[in-house]
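Counting from 1, one number per residue, gives the positions in the sequence shown under the UniProt record's numbering.
Note that the Cβ used here is the ideal one computed from N, Cα and C, for glycine as well.
Before any comments, here is the structure.
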Amino acid sequence: MERTGELLDSDSASSHMSVASVNSKRVRKRTRDCADSGSESVLSDSVMPPPKVGAKKGGRGRPATTGKYVGIGLSRREAAAAMKAAAAAEKLEEDERQIAALTKRVVEGRVTRLSQSSSAVSNIDVEAEDLPASDLNQRLSDAVAAIKRVSRVSKGLSGCSQKALKEATASILESAQVLLTRTTTEEIALLRAQNAKLVTQMAELRKEHDELKEEMKKLSPRAA
């Protein structure tokens with residue numbers, strides 16, 4: 001009976017130890033699971049970066065130039081603008097020079113070839129009606145060239161104004177061609193009239209010269 005009681009006590013103790021062991025394992029497992037889950041959440045919180053809010057997608061193309069290269073680009077643009085302005089100023093100066101030359105030719109066309117070649121009558125102005133056909137044609141050509149040049153370089157003129165100048169110059173040239181078709185008789189008559197006028201002028205100059213000589217003769221004895 002005593003042996004049987006000891007065995008029962010031993011079995012009861014063993015069963016209590018087994019139950020305690022199982023409970024202990026369950027507690028450790030729950031603790032480990034909680035720890036693992038906590039560590040995973042901590043790792044996930046520390047490893048995973050926070051989401052970017054309002055991040056702007058980068059565009060294509062060359063990145064903006066910064067630093068010293070900005071100054072280089074600006075200097076190149078300024079140099080190009082300066083060269084362009086200098087070229088425009090040079091062109092404007094050349095246009096004005098050509099217009100001035102054409103204007104001078106128009107003004108000088110009012111003087112006959114005779115007045116240009118003879119110093120005695122170099123200051124005599126001749127009216128257009130006294131000019132031969134060749135000189136009239138030259139004057140018209142010079143005037144038309146000046147008008148055409150001004151219309152080309154004048155940027156402020158509208159299309160209508162440029163057309164008006166073009167039509168006017170065409171009309172002037174047409175009239176010049178008509179003047180050149182004058183008959184030989186008319187041209188000869190004009191040349192005769194010019195010759196008579198020149199003879200009269202030369203006679204007046206000769207008379208003045210003779211009068212001046214007489215005055216010099218009268219003054220010579222008194223000076224002696």
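Status (buried if at least 16 other CB within 10 Å, exposed otherwise) for D210: Indexing the sequence shown from 1 puts residue 210 at position 210. By the neighbour-count rule (16 or more Cβ atoms within 10 Å), D210 is not buried but exposed.
Distance, E94 Cα to S75 Cα: Taking the first residue of the sequence shown as 1, we reach residue 75 at position 75. Taking the first residue of the sequence shown as 1, we reach residue 94 at position 94. S75 and E94: Cα-Cα distance of roughly 28 Å.
Rounded straight-line distance, which links the Cα of T169 to that of V150: Numbered from 1 along the sequence shown, position 150 holds the residue referred to as residue 150. Numbered from 1 along the sequence shown, position 169 holds the residue referred to as residue 169. Computed Cα separation, rounded: 12 Å.
CA-to-CA distance, N137 to V178, given in whole angstroms: Residue 178 sits at position 178 when you count from the first residue of the sequence shown. Residue 137 sits at position 137 when you count from the first residue of the sequence shown. Distance between the alpha carbons of V178 and N137: 10 Å.
Nearest-angstrom beta carbon gap, A145 and L180 [assumed within contact, 8 Å]: Residue numbering aside, residue 180 sits at position 180 when the sequence shown is read from its first letter. Residue numbering aside, residue 145 sits at position 145 when the sequence shown is read from its first letter. Incorrect: roughly 17 Å between the Cβ atoms, too far for contact.
Whole beta strand (DSSP E) elements within the stretch 148-176, 3-residue minimum: none
Among K213, A189, K155 and K197, the one whose alpha carbon lies nearest that of A88: Here residue 88 corresponds to residue number 88 of the sequence shown, with the count starting at 1. Among K213, A189, K155 and K197, the Cα nearest to that of A88 belongs to K155.
Alpha-carbon spacing of A176 relative to V199, whole angstroms: The count along the sequence shown starts at 1 and reaches residue 176 at position 176. The count along the sequence shown starts at 1 and reaches residue 199 at position 199. About 29 Å.
Rounded separation between K104 and K207 - CA only: Translated into the one-based positions of the sequence shown, residue 104 becomes position 104. Translated into the one-based positions of the sequence shown, residue 207 becomes position 207. Straight-line Cα distance between these residues: approximately 35 Å.
Chain-order list of residues whose beta-carbon lies under 7 Å from that of L165 (same chain, five-residue window excluded): Start at 1 with the first residue of the sequence shown, and residue 165 comes out as number 165. Taken in chain order, the residues that qualify are I147 and S151.
CA-to-CA distance, K197 to K217, given in whole angstroms: Reading the sequence shown from its first residue, position 217 is the one you call residue 217. Reading the sequence shown from its first residue, position 197 is the one you call residue 197. Their backbone Cα atoms lie some 31 Å apart in a straight line.
Same chain, Cβ closer than 8 Å to E187, neighbours up to 5 away in sequence not counted: Locating residue 187 in the sequence shown gives position 187, where the first residue counts as 1. So the qualifying residues of the chain are P132 and A133.
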